[in-house]
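Chemist: One structure is given below, represented as structure tokens, and several questions about it will come after.
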Amino acid sequence: MRDAFVARLLERATADPRIMLITADLGFGVLTRFAEALPRQYLNVGVAEQNLAAVATGMALEGHVVFTYSIGNFPTLRCLEQLRNDACYHGAAVKSVAIGGGFSYGPLGFSHFATEDLAILRALPGMTVVAPGDLWEAEESVDALIAAPGPAYLRLDKSSAGRTNAAGEGFALGRSRRVRDGGDVTLVACGGILGDAVAAADALAGEGLRCRVLSMHTLTPVDGAGLAAACAETGGLVTIEEHVVSGGLGGAVAEHCLEHGLRPRAFARLGLRGEFATTVGGQAYLRDVYGMGRTAIMAAARDIAARK
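In short: position in the sequence shown from 1, add 389, done, that's my numbering.
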């Protein structure tokens, strides 16, 4: 996703001098091409994320569309006050980009796990929150966030579902994508773990269980129409996220359903629950350890289907 993002941003920035990319002393090998091609639209503020957000806000208020870039929790949680008081309060076009969503940096341990970011950023008024599930969504998110006013958070994952788009398909913030169709259960996923949801749905099809898979790439605003259709047309919902279930995708879906009178026949959330992830390992391994990988998804879907 990272490379797809940088390539699309360079393409757009070449044609639009308003677009800026600011890093906090990270991403040199990845950002070199951008920096060399557009030196007047690139800035390294050093290891100073609070300054990163503040400088970005100032540039945005002068008419720029500013993308900040760093890994894990650094461009978001470390500068949360600046995002809240500077960017969000003033409605500035600061697009905070974090690579390494969830367990992407699993071998580096707990400090590099981005597993609360979606919930915390969702709480900021005016903040659009996007977690693409595949490479195409990562590219289209760049275009959509340039066009969208105000601040945004773009969470990129090391893993992805590949490219799941159909020819001529459109992308819109706040509108989920139906990656697989089915009427027995709906699997709602955000981020790169969408790939596990798709694999689980394909495996369950061999058992005769037809799963709809929704890529809920935007958490704020969440896709109410997609959820309403899933509640009415399928036997229940399973949300899947590499993140805590409180306030993330599971929380967003639950809040929307209750507030809008939507009643899925059954509902389950897969993700971290009330704990810090302290195990170290590869991303796929950690998904299995914490009960959100393909095996867990299949078990949850079977359980939901059995509750009819």
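Cβ coordinates follow ideal geometry from the N, Cα and C atoms, glycine included.
1) I'd like the list of long-range same chain contacts for ASP416, defined as Cβ closer than 7 Å, with 5 residues on each side in sequence excluded.
2) Would you report the Cα separation of ASP672 and VAL483, rounded to the nearest angstrom?
3) To the nearest whole angstrom, what separates the beta carbons of ASP546 and MET390, a pair I think is in contact under 8 Å?
4) Should GLY682 go down as buried or exposed, given a rule of 16 or more other Cβ atoms within 10 Å for buried?
5) Going by DSSP in three states, GLY660 sits in which element: helix, strand or coil?
6) Using 8 Å as the cut-off, can you tell me whether the region 588–595 makes contact with the region 554–567, which would need three or more C-beta pairs spanning the two stretches below that distance?
7) Return yes when the Cβ of HIS632 is within less than 8 Å of the Cβ of LEU661, no when it is not.
8) With a threshold of 16 other CB atoms inside 10 Å of the CB of ASP405, please say whether the residue is buried or exposed.
9) Kindly indicate the opening and closing residues of the alpha helix (DSSP H) around ARG567.
10) What residues in its chain sit with their C-beta under 8 Å from that of LEU432, if we drop five residues either side in the sequence?
11) At which residues does the alpha helix (DSSP H) containing ILE693 begin and terminate?
12) Report buried or exposed for PRO521, applying the criterion of at least 16 other Cβ atoms within 10 angstroms of its Cβ.
13) Could you round the C-beta distance between ALA641 and VAL611 to whole angstroms and report it? I think they count as a contact, below 8 Å.
14) Quick one: what's got a C-beta closer than 7 Å to CYS468's C-beta in the same chain, skipping five residues either side?
15) Please go through the same chain and pick out, in chain order, the residues whose beta-carbon is closer than 7 Å to the beta-carbon of THR668, but skip the five residues on each side of it.
16) Is the CB-CB distance between THR609 and THR517 below 8 Å?
17) Rounded to whole angstroms, what's the CA-CA distance from SER500 to VAL454? Just pull it up for me.
18) Which same chain residues end up closer than 6 Å to GLU526 when comparing Cβ atoms and leaving out the 5 residues on each side of it in sequence?
19) Alpha carbons only, please: which of PHE560, LEU510, ALA508 is nearest the one belonging to VAL531?
20) Sort TYR494, LEU398, ALA487 by Cα distance to GLU670 and report the nearest one.
21) Let me know the secondary structure DSSP gives GLU528 once reduced to three states.
22) Using the beta-carbon count (16 or more within 10 Å), is PHE665 buried or exposed?
23) Looking at GLY369: is its Cβ nearer than 8 Å to the Cβ of ASP573?
24) Can you tell which of ARG401, ALA685, ALA393 has its C-alpha closest to the C-alpha of ILE535?
25) Could you work out which residue in ALA396, GLU644, LEU450 is closest to ALA424 when comparing CA atoms only?
26) What residue ranges within the region 601–684 form continuous beta strand (DSSP E) runs of no fewer than 3 residues, ordered along the chain?
27) Does DSSP put SER500 in a helix, a strand or coil?
Modeler: Let me spell this out:
1) What sits at residue 416 in the sequence shown is Gly, not Asp. Closer than 7 Å at the Cβ level, and outside the excluded window around GLY416, lie TYR458.
2) First, the amino acid is wrong: residue 672 is Gln here, not Asp. If you take the alpha carbons of GLN672 and VAL483, they lie about 29 Å apart.
3) 6 Å
4) buried
5) strand
6) no
7) Closer than 8 Å, so yes.
8) exposed
9) No alpha helix (DSSP H) contains ARG567, which is instead part of the beta strand (DSSP E) from 566–569.
10) MET409, LEU410, ILE411, THR412, VAL444
11) Run containing ILE693: 683–695, per the alpha helix (DSSP H) assignment.
12) buried
13) 5 Å
14) If the five residues before and after CYS468 are omitted, its C-beta is found closer than 7 Å to the C-beta atoms of GLU438, GLN439, LEU441, ALA442, all from its own chain and listed in chain order.
15) Sequence-distant Cβ neighbours of THR668 in its own chain, meaning closer than 7 Å and more than five residues away, are LEU675, VAL678.
16) Judged by beta-carbon spacing, THR517 lies within the 8 Å limit of THR609, meaning their Cβ atoms are closer than that value.
17) Separation of SER500 and VAL454 (C-alpha to C-alpha, rounded to the nearest whole angstrom) is 30 Å.
18) HIS606
19) PHE560
20) The question names Glu, but residue 670 is Gly in the sequence shown. For GLY670, the nearest C-alpha among the options comes from TYR494.
21) helix
22) exposed
23) Since the displayed the chain opens at 390 and closes at 697, residue 369 lies outside it and no answer follows.
24) ARG401
25) Residue ALA396 is the option with its Cα nearest to ALA424.
26) 607–609, 626–633, 656–661
27) helix
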